[in-house]
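> Chains as they are written, first to last, in this note's numbering: chain A, 3 to 624; chain B, 2 to 533; chain C, 117 to 216; chain D, 6 to 479.
Ideal placement from N, C-alpha and C gives every residue a C-beta, glycine not left out.
Okay, handing you the structure first.
Written out as structure tokens, the structure is:
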């Protein structure tokens, strides 16, 4: 059997879609069938990706190797004179890596879900939407052009909306889904404009195609056909997309709320893959951002700010999933910052390792929730005793997150810190502090929830949940050693100094130590600390009042003032005054005119006479 | 000579006559006749779409019977790439509308009689290639709305208090549209008289204007008459207020046709008559039109946001979305016009779906007032699914035809009116706000005890209309090329005739581009690291 | 010398008298009489013009007008009788049930 | 001088038949008088046959050139005969009000028809006057025919006084025109106008005659009798007034303006345009607040007069053609409505609109007939009235009066409003009682034929248009 590269590529993309359709058409009331379809399809996808990877790197039996990277296969989607939009698969190192993460981590989480969601009524719907998500995500990953990327972009948003609101009966879940979709929509407003503007920047032969743009844009700028002046604006507009999708400050507000969704969803979508799509997009189109350093600076600072501010929020959070959500925000900030510093590889590297350990953390948290039906860490404790495997997994994930030396997170974060050290000192120090805070809040969660006295008793989760945990834990440990940067094309750059790793290890150690002192030893009372820092504490607890401000805008400004004013204009001025007024005027005219009809003959005679007189006057005037 | 347009047009007309002859108690027979009639039209429409030869373009499947020779009036039917798509839209909406109308239990015979007349009129407009018959069918489509809304409609209530009675709604609609038609009629007659061609035949007028164009002052004077007259039904801000209220008061199947198709008559008429016959006049006025479109989009969106009645919300959203259609027309580029026509199609299906859904919800719960609803996804899983789909299609989610259409409008219009396009893209955000709120408020949330008796659609037959509409939306959304090919075959010549400069407008860069090296294999795109 | 103008002025005056009479008198019979005056004003004009033109067409017309006017009065009187019988009045102001 | 029998056959036969009816009314026993309507119909039928027998193109001047028999007159004579026939059908349900005096009623109907027939052929001011008076006298009496009803008497009285007044103006205008031209003959007057100079007295004369005819047509400001008379007079008479008498007025006006004063078109087209605008607006606005269907139809008929004047104001051959089509459309639509209103009035016991509530449930056919008739009157396709309005407006645009067309177009919407208000009552409102009723066979057939005509003219216009093209040469 000859496997053609394009068939394999299409398989990666389309098999989850087939599963989604299959579940929607046949599986609505068949739980097992839908789970099987979804997992099977994603595994097929995963296998195809692996095969592609293997063939591209190993196979030498054919010269030239048909699995040469980059590879592109596409279908024409819209083809009109002056506009060609294709839909296809673009396979290169970047997309292969990302597809591996999506399908690999995804498969683990899908399998995990069979157990986690076992009691759910809407089991089939869940898997249907998950498959749809996988398809959408792969659409982004394998996109050959901006429009395809945007389509996937919107579709992941939609699947995310459905999955966050999976338990739609819960008002908070329904609201959270809505909020996530809306915030992303606001960001996509800018994103779409950016795409349009970029398209229009080319005077002829306009295209959305990544590879063509990548080749032509620098030339066009050199020849002066495209003015450099507009590019920063376009870059900023395009960056709006990642701000929303990767939940960067100030549009980060939807991600913590998105934790209303089932935990596997949080793991897959809101930690490992979808939220990383923004970072991926920046990497994919890095040739554009490279041209505009001013935008890169903005990106750096947005990333750094997000990393720091989110870490602060995680310090005071008690909801296990929300702690993880804030840490996701923070890590996404790291990645975005890396991109801003010009480190696409570093960003992708951290994205990959983060996908592993954050998925692991979430799944472990899910396991906890599954076992205890509780996610407030204050009501948890001593889980180490009742849920040993889960705790172990959490520990591995947590340490990787902290950047504990030797684990994957250490390496990838280190890349970013080195980058920052080299290019942007303030950002570096901010990132360093953030790293310490990361260690602190991770350890805080660990000490409160997993050690100490047990509240109630949880039970360990079934193997369907533990096996994925194991796989992900394994990946979290080894991901630093398998040469991801090398695969992405970074060669031979050695850390010039030990200063950065040293500092990083130091702050992590300080963070861990502090957490141990406060939450395990009790040397410093957390209570007193809170009282001493009451003002900043409440400020953090209210999440910088950003939600309140947005709420005020949405409910009061937008809904009550703007929409209300428009509705008032509509009701009173347009309908009441202009339309009904005209109607009233017409009717009134009728009422008045008929008063001429007095019923008295002599009035009529007078009218007759006046009519004739005026006619005669008019006609004979000249 | 082709009998296809005749089949499409006469099937519902004969159906109406047959229904008039049937006894008034034989509901089942009446319904079957209607299904048959609209089904035949649908088959005809599909056949027309399938057999329209896009490379050849122009008017095809023509039927021409001289009608009033002394005035140059002919019964001229035919389709081009634009109208064939709209015929298909109407056939789909009509067929599903007839199925949805099974919910009507009162005065069935009269209902279907008027309904089929309405359908006939709309088909007539899309198929007519003669100004007289165009107007003839246009008016004919308006009038049946009066009894349809007046008899079978429902009042718009708020807190149980009637805000707009159905009598008010239907009277306003009918009078408003008639007034619009009357304004357009002045323009049409003026056009006819001043053309000097002595014919009402649109293709012949087009040819006539190629050789002897109408004077500039005349074009400038006639265009606003046609635009406002037809714009009222489009509905153009600020002459739109008949439409949301009319939608809200109408029975659901009528709202489907009304919002789905009837409003497109206006934009279609603007393309078919105002643009194609008064190109220079159009060029002068279109920037103003674009400004009005922005009002449509933004203002309509915000008003929709403030509504609490499901149908009113969708009604205002329709007027907001028709802003995109008009904007696409105003841009006067092939892409934008393609987008406008495709959006007519997409929005028609989407809004028909939405009204059908609201109709079901209203039939079951007897309320459309948002604060009273909630949690219906428990009782109505199928309807809720379709509801989410409709909301997403409306907010332009990729995969639905609306996305493609809006995208084309944006792309096509970007060079012409960037500011308007920015507002348009923002309108998509507004749409998402109220559509999500609608879905959230109606379907999500805890199960409400008052709605225990509420029933979902059970049989496949009852689900058929929804399935048809959703599949059509998805099909076109995923694979728009077949329809776009048809639309483009007709819209491009139209625009190029209007703006002969468009093709030549782009200056020098071709030469620069030619100097570019040929594409060559390229290293991995992500391999860049570090700063220059 | 009495010429055409004089006749015409007289005719116009008669016509005006008839008109004013119709407008000022309330009694149906008086109104009918005033209408007769108007007809006669026209008759006078016809005759005067006939004289001026020197043909008989105008005078022929006058005969017809007289006949028609007679018929008119007949119908008018019949209706007046109806009014008097059914409504017990000849005052047109009191006969104004139909209005607006 | 020989009497050219073939060309006068219709009028002469009508005269004869009047005598026959008179004799029949006198001689027939009371019980048999019910069949008089058949006699009348038969008379009308024979007239129609005789009319058909004159099928020769070209004009024939008779009776010292005073009487012109041409395709134009034949066209409208046919219309008048048709009107009368439908009015006869209307008298069937109405008969009980006329008990004992039916014979005379038919007699008067026939004299009115004779008047209209004469008016169609006028080519001389004297003939115009005679035809007009013949028609009007019959109508005076018929309007007051319900002699026990105050409203009918009042209608008759008002019609008489105002009609006589307008006759007075007409006659005076004729005198002035005669003074100007030296003859009452249209050709002579035209010649005088052509040769010029045109003294003010001639203009005044023309305007006075136009006013006299405007009274018949119900043009503002000579319309004031219309609502009162329509409300008070017996319904069949109102039908005759609104269709027959108005058409006769339009025909006579056309004859006069095109026959006697074509060179004055610059004057009278403007006058007519102004009158047209005022008439449309007044009639349609005034109809809005009405609560009595006959009064409402009165106002509506004023509105229609405005459209007719609009067509005439084009001052062209094609304008008259448009008006002719409009008149035919108006003939079928309005008679259908009046036939339905006659029946409804009998069955509901009143002409008040309140009684029409829920009519569609009590008599679906009647309601549908009114529905179609009203929509046709409003000018909605695919009905006859639409085409009529379209033609008229087209000709007005041709004459360059866009403002007038704009008013006309707005009035379409206004008229639709009050027609729809009636339709709303019939279809949307609840009926006061649930008793149903049906029409008799004659009425059903006639009404169906009229409605078919309404639809037919709305869809297939070519035959009539062609007929008009060959006939209408004013």
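Could you check how far apart the C-beta atoms of residue 536 of chain A and residue 421 of chain A are, in whole angstroms? I think they sit under 8 Å.
With 8 Å as the limit, residue 536 of chain A and residue 421 of chain A do not qualify as a contact, their Cβ atoms being about 37 Å apart.
> Mind checking if residue 6 of chain D is an interface residue toward chain C, Cβ cutoff 7 Å exclusive?
Only weak support exists for where residue 6 of chain D lies, its pLDDT of 46 falling under 50; the coordinates are left without a value.
> Below 7 Å between beta carbons: does that hold for residue 120 of chain D and residue 108 of chain D?
no
> Indicate the three-state DSSP secondary structure (helix, strand or coil) for residue 121 of chain B in the structure shown.
In the structure shown, residue 121 of chain B adopts helical secondary structure according to DSSP, grouped into three states.
> Measuring only between beta-carbons, confirm whether residue 199 of chain C sits less than 7 Å from chain D.
yes
> Taking the alpha-carbon of residue 431 of chain B as reference, which of B:499, B:396, B:414 has the nearest alpha-carbon?
Check the Cα spacing between residue 431 of chain B and each of B:499, B:396, B:414: the tightest is with B:396.
> Does the Cβ of residue 118 of chain C have 16 or more other Cβ atoms within 10 Å, making it buried, or fewer, making it exposed?
exposed
> Between residue 466 of chain D and chain B, is the shortest Cβ-Cβ distance under 7 Å, so that the two count as touching?
yes
> Please classify residue 553 of chain A: is it buried, with 16 or more other beta-carbons within 10 angstroms of its beta-carbon, or exposed?
exposed
> Let me see if you follow: with CB-CB separation under 7 Å, is residue 480 of chain D close to chain B or not?
For chain D, the structure presents residues 6 to 479; residue 480 of chain D sits outside this window and is missing.
> Where does residue 28 of chain A land, buried or exposed, given buried means 16+ other C-beta within 10 angstroms?
exposed
> Roughly how many angstroms separate the alpha carbons of residue 587 of chain A and residue 170 of chain B, rounded to a whole number?
18 Å
> With a threshold of 8 Å on Cβ separation, who are the neighbours of residue 133 of chain A within its own chain once the five nearest residues in sequence on each side are excluded?
18, 19, 21, 22, 25, 39, 40, 43, 44
> Closer than 7 Å, Cβ to any Cβ of chain C: which residues of the stretch 162–177 of chain D, in chain order?
162, 165, 166, 169, 170, 173, 176, 177
> Shorter than 7 Å from the beta carbon of residue 44 of chain B to some beta carbon of chain D?
With respect to chain D, the C-beta atom of residue 44 of chain B has no partner C-beta closer than 7 Å.
> Using CA coordinates, which residue listed in D:106, D:112, D:156 is at the minimum distance from residue 199 of chain C?
D:156
> Starting from residue 593 of chain A and walking both ways along the alpha helix (DSSP H), at which residues does that stretch end?
582–595
> Determine whether the Cβ of residue 207 of chain D lies closer than 7 Å to any Cβ atom of chain A.
no
> Need the endpoints of the alpha helix (DSSP H) that residue 497 of chain B sits in, please.
482–499 is the span of the alpha helix (DSSP H), which, as asked, contains residue 497 of chain B.
> Closer than 7 Å, CB to CB, is residue 13 of chain B near chain D or not?
Output row for residue 13 of chain B: interface = no.
> Assuming residue 249 of chain B contacts residue 312 of chain B (C-beta within less than 8 Å), just tell me the rounded distance between them.
For residue 249 of chain B against residue 312 of chain B, the beta-carbon gap comes to about 4 Å, under 8 Å, which counts as contact.
> If you drop the 5 nearest sequence neighbours on each side, which residues of the same chain put their C-beta closer than 7 Å to that of residue 134 of chain C?
150, 151, 153, 154, 157
> By Cβ distance below 6 Å, which residues in the same chain neighbour residue 363 of chain D in space, the five residues on each side in sequence not counted?
434, 435, 436
> If contact means a Cβ-Cβ distance below 8 Å, which residues of the stretch 592–604 of chain A contact chain D?
Of all residues in the stretch 592–604 of chain A, 592, 593, 595, 596, 598, 599, 601, 603 have a Cβ within less than 8 Å of some Cβ in chain D.
> Using the beta-carbon of each residue, which ones in chain C are nearer than 7 Å to residue 155 of chain D?
Result: 202, 203, 213.
> Can you name the residues of chain B whose CB is closer than 7 Å to the CB of residue 425 of chain D?
The answer, in chain order, is 147, 172, 175.
> Of all the options D:329, D:203, D:438, D:22, which has the alpha carbon lying nearest to the alpha carbon of residue 354 of chain D?
D:438
> Label residue 207 of chain C either buried or exposed according to how many other C-beta atoms from any shown protein chain fall within 10 Å of its C-beta, with 16 as the threshold for buried.
exposed
> Apart from the five residues just before and just after residue 13 of chain D, which ones in its own chain have a Cβ nearer than 7 Å to its Cβ?
67
> Would you mind telling me which residues of chain D sit closer than 7 Å to residue 155 of chain C, beta carbon to beta carbon, in chain order?
173, 176
> Thinking C-alpha only, which one of D:293, D:416, D:370, D:411 is nearest residue 358 of chain D?
Of D:293, D:416, D:370, D:411, the residue nearest in Cα terms is D:293.
> Along the stretch 604–615 of chain A, what residues have a CB closer than 8 Å to any CB found in chain D?
605, 606, 607, 609, 610, 612, 613, 614
> Per DSSP, which residues does residue 67 of chain B bridge with? Please list them.
Answer by DSSP bridge pairing, in chain order: B:75.
> At a CB distance below 7 Å, what residues from the stretch 217–247 of chain D approach chain C? Give them in sequence order.
The stretch 217–247 of chain D vs chain C, Cβ under 7 Å: 233, 236, 237.
> Output needed for residue 17 of chain B: all residues of its chain with C-beta closer than 6 Å, excluding positions within five of it in sequence on either side, in chain order.
114, 117, 118
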